[in-house]
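Colleague: Quick note on the working numbering: the first sequence kicks off at 49 and runs consecutively.
Heads up, the beta-carbon is just placed ideally off N, CA and C, and yes, glycines get one too.
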Amino acid sequence: MSRPFYVTTPIYYINDVPHLGTAYSTIAADVLRRYHAVRGERTFFLTGTDEHGLKIERVAKERGLAPKAFADEMSAPFRETWPKLACAPDDFIRTTDERHERWAAELWKRVAASGDLYEGTYEGWYCVGCEAYYTEKELAEGNVCATHKTPAERVREPSYFFKLSRYQDRLLELYRDHPSFVAPGSRLNEVKSFVAGGLSDLSVSRTTFSWGVPVPGDPRHVMYVWFDALANYWTVLQDDPERAALWPASLHVVGKDILRFHAIYWPAFLMSAGLPLPEQVFAHGFLTFGGQKMSKSLRNTVKPTALADAFGVDTLRYYLMRAIAFGQDGDFDVHDLVARYNADLGNALGNLLQRVLPFCHRVFEGLVPPDDAPPEEHEALLSGVPESLRMAGEAFATPAPHVALERIWSALRDANAYVDRSAPWDAAKKGDKPRLAGIVVRVLRLLESVSVALWPVMPGKADELRLQLGLGPVSPSVGLDLWPSGATALVAGAKLGEVAALFPRIDPDRQAELIASLGLAPPAPAAVAVAAPSAPAAPAASAPAPGAPQAAAADQPPSIAYDDFAKVDLRVGVVVAAERVPRKDKLLSLRVDLGEAEPRAIVAGLALSFAPEALVGKRVLVVANLEPRTFGKGLVSHGMILASGPSESLTLATVSGEPAAGSRVK
RNA sequence: GCCGAAGUAGCUCAGUCGGCUAGAGCAGGCGUUUCAUACGCGCCGGGUCGGGGGUUCGAUUCCCUCCUUCGGCACCA
49 MSRPFYVTTP
59 IYYINDVPHL
69 GTAYSTIAAD
79 VLRRYHAVRG
89 ERTFFLTGTD
99 EHGLKIERVA
109 KERGLAPKAF
119 ADEMSAPFRE
129 TWPKLACAPD
139 DFIRTTDERH
149 ERWAAELWKR
159 VAASGDLYEG
169 TYEGWYCVGC
179 EAYYTEKELA
189 EGNVCATHKT
199 PAERVREPSY
209 FFKLSRYQDR
219 LLELYRDHPS
229 FVAPGSRLNE
239 VKSFVAGGLS
249 DLSVSRTTFS
259 WGVPVPGDPR
269 HVMYVWFDAL
279 ANYWTVLQDD
289 PERAALWPAS
299 LHVVGKDILR
309 FHAIYWPAFL
319 MSAGLPLPEQ
329 VFAHGFLTFG
339 GQKMSKSLRN
349 TVKPTALADA
359 FGVDTLRYYL
369 MRAIAFGQDG
379 DFDVHDLVAR
389 YNADLGNALG
399 NLLQRVLPFC
409 HRVFEGLVPP
419 DDAPPEEHEA
429 LLSGVPESLR
439 MAGEAFATPA
449 PHVALERIWS
459 ALRDANAYVD
469 RSAPWDAAKK
479 GDKPRLAGIV
489 VRVLRLLESV
499 SVALWPVMPG
509 KADELRLQLG
519 LGPVSPSVGL
529 DLWPSGATAL
539 VAGAKLGEVA
549 ALFPRIDPDR
559 QAELIASLGL
569 APPAPAAVAV
579 AAPSAPAAPA
589 ASAPAPGAPQ
599 AAAADQPPSI
609 AYDDFAKVDL
619 RVGVVVAAER
629 VPRKDKLLSL
639 RVDLGEAEPR
649 AIVAGLALSF
659 APEALVGKRV
669 LVVANLEPRT
679 FGKGLVSHGM
689 ILASGPSESL
699 TLATVSGEPA
709 AGSRVK
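(1) Which residues in the same chain as N390 place their Cβ atom closer than 7 Å to its Cβ, once the five residues preceding and following it in sequence are excluded?
(2) Does DSSP classify E205 as helix, strand or coil?
(3) Is there contact here, the region 138 to 148 with the region 229 to 237, by at least three beta-carbon pairs under 8 Å?
(4) Which residue from L453, G333, G545 and S320 puts its Cα closest to that of P440?
(5) Quick one: using the 10 Å Cβ neighbour count with 16 as the cut-off for buried, is T363 buried or exposed?
(6) Which residues mark the beginning and the end of the beta strand (DSSP E) in which E149 is found?
(7) Based on Cα-Cα distance, which residue from G303, L495, A564 and I650 lies nearest to C354?
(8) Less than 8 Å between the beta carbons of R214 and T169, yes or no?
(9) So which of L294, G333 and A279 has the shortest CA-CA distance to Y313?
(10) Express the C-alpha separation of V622 and A119 in angstroms, rounding to a whole number.
(11) Could you name the residues that DSSP lists as bridge partners for G172?
(12) Name the residue from V239, K211 and E171 whose alpha carbon lies nearest to the alpha carbon of R224.
(13) Could you compute how far the alpha carbon of W503 sits from the alpha carbon of D78?
(14) Looking at the structure shown, is R111 part of a helix, part of a strand, or coil, going by DSSP?
(15) Using C-beta distances below 7 Å, list every residue in its chain close to A709, excluding the 5 sequence neighbours before and after it, in chain order.
(16) Distance, Cα to Cα, E327 vs P296?
(17) Span of the alpha helix (DSSP H) holding F374?
(18) Evaluate the contact criterion for the region 377 to 392 versus the region 522 to 540: three or more CB pairs, one atom per stretch, below 8 Å.
(19) Thinking just about the alpha-carbon of each residue, which of E89, Y367, R87 and Y61 is nearest to the one in E105?
(20) Below 8 Å, can you find three or more Cβ-Cβ pairs linking the region 63 to 74 to the region 425 to 445?
(21) By the DSSP assignment, the beta strand (DSSP E) with A649 in it spans what residues?
(22) Do V526 and R90 have their C-beta atoms within less than 8 Å of each other?
(23) Can you tell me the Cα-Cα spacing of T102 and D305, whole angstroms?
(24) Could you check whether the region 313 to 322 touches the region 157 to 168, counting it as contact only if at least three pairs of C-beta atoms, one from each stretch, sit closer than 8 Å?
(25) Under the three-state reduction of DSSP, which class applies to D474: helix, strand or coil?
(26) With a threshold of 16 other CB atoms inside 10 Å of the CB of K509, please say whether the residue is buried or exposed.
(27) Can you tell me whether L285 is buried or exposed, with buried defined as 16 or more other CB within 10 angstroms of its CB?
(28) Helix, strand or coil: how does DSSP classify P267 here?
(29) In terms of alpha-carbon separation, which member of C175, F380, R81 and I650 lies closest to F93?
(30) So, with DSSP's three-state summary, where would you put R553?
(31) As a quick exercise: from M688, K481 and W274, pick the residue whose alpha carbon is nearest that of P58.
(32) Do E201 and T144 come within 8 Å of each other at the CB atom, strictly closer than that value?
(33) According to the neighbour-count rule (16 or more other Cβ atoms, all chains shown, within 10 Å of its Cβ), is W130 buried or exposed?
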């Protein structure tokens with residue numbers, strides 16, 4: 049049997065709440081663990097919280113709480129969040145757990161026993177007001193504390209040091225002999241060059257505060273700077289002999305900001321303690337949210353559970369795993385999420401099921417059709433599917449979940465093409481049941497395979513899919529490889545489940561609602577006048593007020609003569625009718641009263657922001673003399689509506705008061 | 001400043017160990033279909049493969065240089 053798969057997330061520091069970044073780490077680890085579980089491997093998934101340190105001690109004091117009470121309060125949201133994101137850690141370690149402190153002390157003793165700890169003096173820039181050390185980088189010019197505006201002092205305190213310098217060569221050997229120890233490869237290079245540049249010894253204890261794991265034999269000191277935090281990956285296993293066999297860890301999933309600690313200090317500590325090293329440290333990238341950096345305030349507003357509530361846990365997991373290349377920085381964009389939901393999940397996957405399952409209920413009494421179907425002329429279209437799924441598995445193992453999902457969707461694209469060519473509806477009309485059965489069964493089996501391959505990322509939806517296929521949930525068990533390999537559990541005559549929409553479409557109105565439900569401050573929209581897509585955008589008619597701050601001066605279009613402006617016939621219009629344009633998500637077809645004999649027909653790209661009925665009766669600004677523009681299917685627009693903002697959150701340009709329809713604007 | 005990575009279609013990216021018409025997904029356009037959740041399928045991408053120079057019969061792919069962006073350059077959980 050293969051080795052167990054033991055995966056960890058960082059233990060999260062409790063001076064913050066769970067946010068999208070921590071959710072990303074945790075979901076990624078959960079996905080990888082589920083993949084290995086499906087493969088029949090024994091798995092263990094650990095997360096937890098890091099609760100020691102001066103910051104915690106100080107904030108607890110300010111709040112009049114004992115540090116442990118405060119830590120209990122701050123740790124709880126983490127434990128409560130992960131199950132809501134379909135993450136199922138096997139244990140949750142807290143650095144204040146008695147078991148952790150006991151075994152961290154043991155690790156310390158082992159390191160001490162190899163002679164790698166010595167007493168020295170730590171010297172650093174200390175701000176008396178903050179009661180904390182800072183690096184020179186953190187301090188302002190002249191080593192002034194940013195919060196107190198007072199110069200930091202050069203302070204010395206006794207400290208134990210770890211002889212990190214001794215491990216330089218052994219670490220370099222490690223990177224050379226096991227280049228996959230650090231991933232992605234670009235990170236390995238960083239680590240290597242850092243180590244090659246020379247290592248100095250590491251201060252690993254403090255005497256200036258007491259909220260930490262006491263140093264064995266020297267209770268004036270508490271462990272500091274990662275020693276006890278890193279140890280969690282090991283300490284959590286030690287009380288149980290069966291668990292202890294899980295060491296070394298297969299994979300530490302970490303953010304790139306803490307790579308050094310995991311790729312340099314941690315293996316050095318372990319070498320010193322005479323313990324085996326983890327197989328891989330994987331540094332993933334950082335997320336921006338809608339293009340904005342995750343500032344502290346944004347972290348507090350973008351709650352991963354709110355995203356899960358709005359769009360579904362599985363959708364959130366899918367989006368994070370699919371849209372962001374594992375190991376690279378990425379952007380979390382809710383509009384992109386909805387687009388992927390509709391396109392990938394709804395159209396390609398959900399709809400595929402809807403294309404075949406109803407036949408079973410109509411023609412085959414809700415049973416799996418006979419599977420003795422003869423070879424089918426178009427089935428060559430499916431010949432690449434087994435390979436796609438095999439490669440998906442490989443990608444999960446790499447780990448590259450984004451690639452795995454791409455492979456799975458490649459199989460789904462094949463399946464959709466297959467359904468199209470083989471046209472089961474024709475067979476149904478002709479009453480050719482054997483042929484219909486052959487086609488349907490092939491697609492159902494493919495979906496069965498996909499339900500397993502997808503389960504690591506979308507356990508809930510995968511099981512819902514299986515329910516419709518009449519199958520039980522994916523339930524991994526050690527020693528049983530469930531990865532799709534051609535075998536099927538769909539036997540002819542078995543009862544299929546009820547047909548239900550797996551991923552109901554999110555239309556523009558619903559999208560706006562969901563995004564609003566997140567309670568995010570809307571990003572300042574760029575001032576762009578838009579109407580019909582692709583129509584030449586008229587420069588916003590906003591001459592900057594004299595003396596007003598000139599925002600984005602660099603983006604100012606060149607100035608125009610008054611005569612040029614006078615060519616534009618701007619009118620006040622009243623919308624008298626509005627309806628969606630079939631097959632054009634962004635377009636609304638409007639009738640606008642411009643005081644002319646007939647209302648104008650105007651097509652405008654407003655549909656992502658406005659329901660048609662919400663526009664009727666509105667006064668709008670119209671470019672009345674724009675060349676007519678066609679939108680296909682005989683749809684012609686005789687004008688352009690002015691609005692500002694991205695197409696999903698437009699604001700209409702309008703007028704105060706109620707000027708008559710057709711009034712000139714200038 | 002030093003070290004490293006990257007700059008390829010509107011967007012996100014893949015790829016080329018030098019050589020057929022440079023690819024995918026999404027978005028957009030055209031067409032088609034109606035079994036299904038207005039969904040699927042087919043076709044459509046005049047991209048100086050960041051700029052310049054060099055090597056070569058031939059470079060997007062190798063070398064040099066410049067520009068831009070990002071990351072690392074130790075105690076940030």
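Modeller: Let me spell this out:
(1) Position 342 of the first sequence, counted from the first residue, corresponds to residue 390. Once the five neighbours on either side are set aside, the close Cβ partners of N390 are R553 and I554.
(2) Position 157 of the first sequence holds residue 205. If DSSP states are grouped into helix, strand and coil, E205 belongs with the strands.
(3) no
(4) What you label residue 440 is simply residue 392 of the first sequence in a count that begins at 1. Sequence check: residue 440 is Ala here, not Pro. Cα-wise, what sits closest to A440 is L453.
(5) Counting from 1 along the first sequence, the entry for residue 363 is found at position 315. With 16 or more other Cβ atoms within 10 Å, it is buried.
(6) On the first sequence, position 101 is the one that residue 149 refers to. Looking at the DSSP string, E149 is not in any beta strand (DSSP E); the run it does join, the alpha helix (DSSP H), is E146 to A161.
(7) Here residue 354 refers to the residue found at position 306 when the first sequence is read from its first residue. At residue 354 the sequence reads Ala, which differs from the Cys that was named. It is A564 whose Cα lies nearest to the Cα of A354.
(8) If you number the first sequence from 1, residue 214 lands on position 166. If you number the first sequence from 1, residue 169 lands on position 121. Taking 8 Å as the Cβ cut-off, R214 and T169 do not qualify as a contacting pair.
(9) Against the first sequence, residue 313 aligns to sequence position 265. The residue with the shortest Cα to Cα distance from Y313 is A279.
(10) As a position in the first sequence, residue 119 is number 71, starting the count at 1. As a position in the first sequence, residue 622 is number 574, starting the count at 1. Taking the straight line from one Cα to the other gives about 60 Å.
(11) Reading the first sequence from its first residue, position 124 is the one you call residue 172. DSSP lists V203 as partners of G172.
(12) Within the first sequence, residue 224 is the residue found at index 176, counting from 1. Minimum Cα distance to R224 is reached at V239.
(13) As a position in the first sequence, residue 503 is number 455, starting the count at 1. As a position in the first sequence, residue 78 is number 30, starting the count at 1. Cα to Cα, the separation comes out at about 11 Å.
(14) Sequence index remark: in the first sequence, residue 111 carries index 63 (1-based). R111: coil per DSSP, three-state reduction.
(15) Working through the first sequence from its first residue, we reach residue 709 at position 661. Only V620, G621, V622, D641, L642 and G643 meet the Cβ criterion.
(16) For this step, residue 327 is matched to residue 279 along the first sequence. For this step, residue 296 is matched to residue 248 along the first sequence. Whole-angstrom Cα-Cα distance: 7 Å.
(17) Start at 1 with the first residue of the first sequence, and residue 374 comes out as number 326. From DSSP, F374 is part of no alpha helix (DSSP H); its letter is neither H nor E.
(18) no
(19) Start at 1 with the first residue of the first sequence, and residue 105 comes out as number 57. For E105, the nearest C-alpha among the options comes from Y61.
(20) no
(21) Taking the first sequence and counting its residues from 1, the one referred to as residue 649 is at position 601. That run of the beta strand (DSSP E) goes R648 to A652.
(22) Translated into the one-based positions of the first sequence, residue 526 becomes position 478. Translated into the one-based positions of the first sequence, residue 90 becomes position 42. Yes, the pair counts as a contact, with Cβ atoms nearer than the cut-off.
(23) The residue given as residue 102 occupies position 54 in the first sequence. The residue given as residue 305 occupies position 257 in the first sequence. One detail in the question is off: residue 102 reads as Leu in this sequence, not Thr. Straight-line Cα distance between these residues: approximately 20 Å.
(24) yes
(25) Locating residue 474 in the first sequence gives position 426, where the first residue counts as 1. Here D474 sits in helix by DSSP.
(26) Along the first sequence, read from residue 1 onward, the residue named residue 509 stands at position 461. K509 comes out buried.
(27) Here residue 285 refers to the residue found at position 237 when the first sequence is read from its first residue. With 16 or more other Cβ atoms within 10 Å, it is buried.
(28) Taking the first sequence and counting its residues from 1, one reaches residue 267 at position 219. Strand at P267.
(29) Sequence index remark: in the first sequence, residue 93 carries index 45 (1-based). Selected option, being the one with the closest Cα: R81.
(30) Mapped onto the first sequence, residue 553 falls at position 505. Looking at R553 - three-state DSSP - the assignment turns out to be coil, as it is neither helix nor strand.
(31) Taking the first sequence and counting its residues from 1, one reaches residue 58 at position 10. Nearest C-alpha to P58: W274.
(32) For this step, residue 144 is matched to residue 96 along the first sequence. For this step, residue 201 is matched to residue 153 along the first sequence. Taking 8 Å as the Cβ cut-off, T144 and E201 do not qualify as a contacting pair.
(33) Your numbering for residue 130 matches position 82 in the first sequence. Classification for W130: buried.
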